Structures are given as C-alpha cells and as structure tokens.
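Worksheet: one structure, shown below.
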Amino acid sequence: MRWSRSLIPTLKEDPADAEAVSHKLMIRAGMVRQLAAGIYVYLPVGQRVMDKIAAIIRDEMNAIGGQEITMPVIHPAEIWQQSGRWDTIGGEMFRLKDRNQRDMCLGMTHEEVVAWLAAREIRSYRDLPQIWYQLQTKERDEARPKSGVLRTREFVMKDAYSLDRDAAGLDVQYEAHRQAYCKIYDRCGVKYFVVESDPGMMGGAGSHEFMAPSQAGEDRVAICGGCGYAANVELAVSRAPVPTFPDWTLEEVATPNAKTIAEVCAFLGIPPALTIKSLVVTADSGPVLALVRGDHQLHERKLQRVLGAFRPAHSDEIVAATGGEAGFVGP
C-alpha cells in the first residue's frame with residue numbers, strides 16, 4: 011500500500027498525558043491511540059507489530075507441540091464458582107448479568123474453561139499429554155492503568171495450558187515452555203531475566219517470571235552476579251553471613267526503657283546481627299510470633315504467603331498471648 015493511502019498519524023511532540031517513554035514513542039510513531047484509561051486502538055503500524063510478535067509466538071509454541079484454540083471472552087459464573095475463584099478474585103474481574111439475570115464475567119484467565127473442556131474431551135490417559143494455547147483479548151479492571159500499553163484494562167495475551175499424566179510429565183512441559191519463552195524473547199530482541207516469582211492467585215507450587223528492565227516497571231528483582239540466582243523481591247531468599255559471637259557467659263541483663271532492637275543494642279554495645287527481633291502478629295488462626303534476625307526487616311508479603319491475611323497484634327493481644335508487654339517478648 012502507498013504511504014499516501016496509509017493511516018500513519020505521526021506526531022512531532024510528546025503527548026502531554028504520556029509518562030512512560032514507550033508510551034510516548036508509540037503514540038508519536040502512530041502505532042496506538044488511547045480511547046480511555048487503559049484502553050487503546052492499535053493503528054495499522056501497531057497492528058503489524060502485533061502480528062509479527064504473534065507469528066513468533068505461534069512458531070515457538072507449535073515447536074513444542076502446542077495446539078492453538080480460541081476460548082470465549084465471556085464466561086458463566088458457574089465454572090468460576092466451582093473452582094472457588096468467583097469469591098476469591100477481587101474487583102479486577104469484570105462481572106455482569108445477562109438479560110436473564112444470570113451471573114457472567116469477562117475472562118481474565120482461562121483455567122476454568124480449560125478444566126471444563128478437558129473434563130469432557132480427555133477420555134483416557136492415552137490422550138495425554140496435551141498443550142493448548144491461545145492468543146486472545148483479556149479484560150482486567152486495573153485500578154491504576156498507566157504506562158501506556160504496559161498496564162491496561164484490555165490486552166492481548168498468549169496463555170498456554172498443559173495437561174499431563176503425572177507430575178514428572180508436568181515438569182517436562184514446564185521446562186519446554188520456559189525454553190520456548192526464552193526463544194520468543196530472544197527473537198524479539200528483548201533483554202530479560204528469568205526470575206522466581208510468587209504464583210499469586212494463579213496458584214501452583216512454583217512460578218517464574220520473565221522480567222524486562224524498565225524505568226516504567228513496578229516490580230523489583232534480586233539478581234546475584236556470582237551464581238546467577240534471580241527472584242522477585244517478594245520471594246527472594248538470601249544467606250546472610252553468619253555473625254561471629256563473642257565467647258560470652260550466659261547472664262541475665264536488665265534493659266530498662268529499651269524496647270526496640272536499636273535501643274537494646276545501644277544499651278548493650280552489641281551489633282543488631284547478634285540479636286533476634288520478635289514480632290507478634292494476629293492471623294486468622296490466632297497470634298503468631300515471627301522471629302527475624304535483628305539487622306533484618308520483616309517482608310510482609312513473604313509472611314502472608316505462609317499465614318494468609320494478618321496484621322500487627324495490638325498491645326492487649328500481645329499481653330494476653332505472651333504475658334509480657336510489647337518490646338519485651340523476645341526469647
């Protein structure tokens with residue numbers, strides 16, 4: 011097609027409402043236009059880019075035995091109620107009623123649909139393994155859509171689902187997908203890190219994320235330049251050097267008016283690494299004592315993965331649970 015007949019509305023100046031560099035460049039290049047917060051129109055140039063990316067994804071997914079399907083955007087509430095996620099997923103899922111007042115939703119993921127399909131079509135273990143994938147529009151009611159197309163309410167996602175005979179087969183498919191994703195990003199020329207991550211509402215025993223460094227990003231990752239270990243900070247673990255303990259004799263020492271680790275250490279003249287920080291929290295199961303090395307901070311998200319929802323215990327709750335006041339709980 012001739013340039014004179016193409017829709018490529020380029021701009022010389024950055025749009026006033028764009029913050030992320032990628033957002034500014036995509037608008038100036040005539041790739042997208044914003045219809046509303048988190049909702050974009052892909053213009054011809056942007057659509058061609060999307061088509062090329064989709065072709066790469068299809069190449070690599072087909073190479074590991076993936077079969078492309080298309081699942082519906084709108085789902086009946088029943089399949090989500092059966093999995094229990096109708097009640098656990100919050101406001102990010104669009105919900106609606108049809109004209110007969112039946113509860114429906116716009117699918118932000120398709121595990122429930124895959125389970126429904128597999129239950130009807132997989133007749134025997136001989137039908138396994140299976141890999142089903144799709145490139146489809148997803149809807150998610152983002153609380154803060156921003157950074158252009160990086161965080162939107164409507165987006166195209168490639169989601170894949172493997173069905174296996176046993177856990178060993180699942181591990182094989184997981185690794186096959188990991189390698190396929192690496193090839194996809196390599197072919198797209200994207201710099202990335204493969205990091206351990208929190209499965210979140212998707213669940214599962216483990217998860218990895220492919221993270222691309224960006225000034226517009228919101229997540230932080232921890233990467234070891236020595237061994238190559240990489241993880242989202244919400245999941246990262248470390249092995250701090252073991253402190254050297256002096257050859258002390260055990261004795262009881264009063265620490266009047268010293269309630270914090272910093273105050274106790276200043277009073278005793280010792281480094282925080284030689285102490286234990288005792289934090290009492292209240293979970294659904296009751297009071298819980300979390301012990302952290304004195305020079306460390308409690309990562310609330312990590313504790314939440316173990317306890318579920320929790321909050322700091324109130325003073326009266328600490329006294330009732332331990333018999334002592336806050337600041338004097340430690341072992």
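In case it helps, this note's numbering puts the sequence shown at residues 11 to 341. Idealized CB from N, CA, C, for every residue including glycine. Since the model is a prediction, treat every value here as computed from it, not as a measurement.
In this structure the region 292-299 does not touch the region 264-281; the number of beta carbon pairs closer than 8 Å is below three. A contact is defined here as three or more CB-CB pairs under 8 Å, and the region 133-150 fails this definition with respect to the region 18-36. Apart from the 5 residues on each side of it in sequence, A47 sits with its Cβ closer than 6 Å to the Cβ of P155 in its chain, given in chain order.
Secondary structure at F338: coil, using DSSP grouped into helix, strand and coil.
Spatial neighbours of S16 in its own chain (CB-CB distance under 7 Å, excluding positions within 5 residues in sequence) are listed in chain order as P54.
Of the residues assessed, N242 falls on the buried side of the cut-off, its CB having 16 or more other CB atoms within 10 angstroms. Here F338 has K269 as same chain residues with Cβ atoms under 8 Å from its own Cβ, once five neighbours each way along the sequence are excluded. About 6 Å separates the beta carbon of M71 from that of A190, a gap short enough to meet the 8 Å contact definition.
Taking the Cα positions, R321 is about 16 Å away from Q307. Using a Cβ distance threshold of 8 Å, H120 and D169 count as a contacting pair. Under the three-state reduction of DSSP output, Y171 falls in the strand class.
In the three-state DSSP reduction, D69 falls in the helix class (H, G or I). Between Q77 and I141 a beta carbon distance of about 6 Å is seen, short of the 8 Å cut, so the two are scored as contacting. The three-state reading of DSSP puts M60 in helix, counting H, G and I together. Per the C-alpha coordinates, the member of A232, S207, H187, Y52 positioned closest to G75 is H187. L106 counts as exposed, since fewer than 16 other beta carbons sit within 10 angstroms of its beta carbon. Closest in alpha carbon position to L301, among I286, H309, E310, is I286. For G296, the enclosing beta strand (DSSP E) starts and ends at 296-303.
Taking all protein chains in view, the Cβ of V247 is surrounded by fewer than 16 other Cβ atoms within 10 Å, so the residue is classified as exposed.
Closest in C-alpha terms to T265, from the list D24, G340, A26, L173, comes G340.
Judged by DSSP secondary structure, H324 falls outside any beta strand (DSSP E); it is assigned neither H nor E.
Residues of the same chain with a CB within less than 6 Å of the CB of I233, apart from the 5 flanking positions on each side, are A240 in chain order.
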